[in-house]
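Take a look at the structure set out below.
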Amino acid sequence: MDPIPKSGLYYPNKIVLLTLQALEDVMGKNGLNAILNLANLRELVDNYPSDNLKREFDFSDFSAINGALEEMYGPRGGRGLALRAGKHAFEEGLRNFGALAGVGDLAFKVLPLKAKLRIGAPAMAKVFSQTSDQYSTVEEKEDHFLYRIHQCPVCWGRTTDKPACNMATGLLLSGLKWVSGGKEFQVVQIKAKSSGDEACDFMIFKKPIE
Ligand SMILES: [Zn+2]
Numbered sequence: 333m334d335p336i337p338k339s340g341l342y343y344p345n346k347i348v349l350l351t352l353q354a355l356e357d358v359m360g361k362n363g364l365n366a367i368l369n370l371a372n373l374r375e376l377v378d379n380y381p382s383d384n385l386k387r388e389f390d391f392s393d394f395s396a397i398n399g400a401l402e403e404m405y406g407p408r409g410g411r412g413l414a415l416r417a418g419k420h421a422f423e424e425g426l427r428n429f430g431a432l433a434g435v436g437d438l439a440f441k442v443l444p445l446k447a448k449l450r451i452g453a454p455a456m457a458k459v460f461s462q463t464s465d466q467y468s469t470v471e472e473k474e475d476h477f478l479y480r481i482h483q484c485p486v487c488w489g490r491t492t493d494k495p496a497c498n499m500a501t502g503l504l505l506s507g508l509k510w511v512s513g514g515k516e517f518q519v520v521q522i523k524a525k526s527s528g529d530e531a532c533d534f535m536i537f538k539k540p541i542e
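Letter 4 of the sequence shown, counting from 1, is numbered 336 in the working numbering, and no numbers are missing.
Following this line, the structure appears as structure tokens:
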């Protein structure tokens, strides 16, 4: 894989640490080391980012890990691993962050599902905008929310033939489950910077999966 030039945009260390731990869980230490080698990130072998929220992990390095996953395991296998890592990162880390803190409160839990999504989806976007350089916005449409990642760490500096920011999809899936009190939603990525669009767009359908 060709190295990706540094972006000057950063993800918090903790999210990267959780991502690497989730990948190591599934593929073992040797498997993850192979991914890090392929991603030109040998310095991370046995030297994961610290467990803190400092914005120190460059988007291009995060993107390289995602690219290496797809290269080594193929689009389908890579997608499964990336979804799993994204879900883990949300469950163990992001749900405890400021903008989402109220989601566990009784007052939030008794809201109707529609209201939960209307508050929860922008709250998720806010968590990323506040804790990292991943600026995200949400627009409500008739049957879905349009979740837009304007600066995406998953595909930064890469080219893909179709949208494949799977780790971001995994984070969203877990986030929606959390804000809705356990429901599953369909999330479809319709645009990606890596496939020539101006941003990475995800449709979050309002109707939960039965
Ligand atoms: Zn992307």
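Heads up, the beta-carbon is just placed ideally off N, CA and C, and yes, glycines get one too.
Could you pull the start and end residues of the alpha helix (DSSP H) that residue i belongs to?
i	result
Ser506	Asn498 to Val511
Leu478	It is not in any alpha helix (DSSP H) - Leu478 instead sits in the beta strand (DSSP E) that spans His476 to Ile481.
Phe391	Phe391 to Glu424
Glu356	Asn345 to Leu370
Thr463	Leu445 to Thr463
Ala433	No alpha helix (DSSP H) contains Ala433, which DSSP labels as neither H nor E.
Under 7 Å: does the beta carbon of residue i sit that close to some heavy atom of ligand 1?
i	result
Ala417	no
Val348	no
Gly525	The residue you asked about is not Gly; residue 525 is Lys in the sequence shown. Yes.
Ile522	no
Val486	yes
Ala396	no
Ile481	yes
Ala414	no
Ala500	yes
Taking residue i and residue j to be in contact with their CB atoms under 8 Å, please state how far apart those CB atoms are, rounded to whole angstroms.
i	j	result
Ser339	Ser382	About 20 Å separates the two Cβ atoms, so there is no contact after all.
Leu355	Leu364	5 Å
Ile536	Phe477	4 Å
Thr469	His482	7 Å
Ala531	Lys538	At roughly 21 Å, the Cβ-Cβ gap does not stay under 8 Å, so Ala531 and Lys538 are not in contact.
Ser512	Phe422	Not confirmed; about 13 Å, so no contact.
Asn398	Met499	6 Å
Phe394	Asn345	Phe394 to Asn345, Cβ: 11 Å. No contact.
Arg416	Val348	Incorrect: roughly 15 Å between the Cβ atoms, too far for contact.
Pro444	Gln466	With 8 Å as the limit, Pro444 and Gln466 do not qualify as a contact, their Cβ atoms being about 29 Å apart.
At which residues does the beta strand (DSSP E) containing residue i begin and terminate?
i	result
Ile536	Cys532 to Phe537
Lys523	Val519 to Lys523
Thr469	Ser468 to Glu472
Are there three or more Cβ pairs, one per stretch, closer than 8 Å when the stretch 403-412 is compared with the stretch 358-372?
yes
For the stretch 483-499 against the stretch 436-454, are there 3 or more C-beta pairs whose distance is under 8 Å?
no
Three-pair Cβ contact test at 8 Å for the stretch 516-526 versus the stretch 422-442:
no
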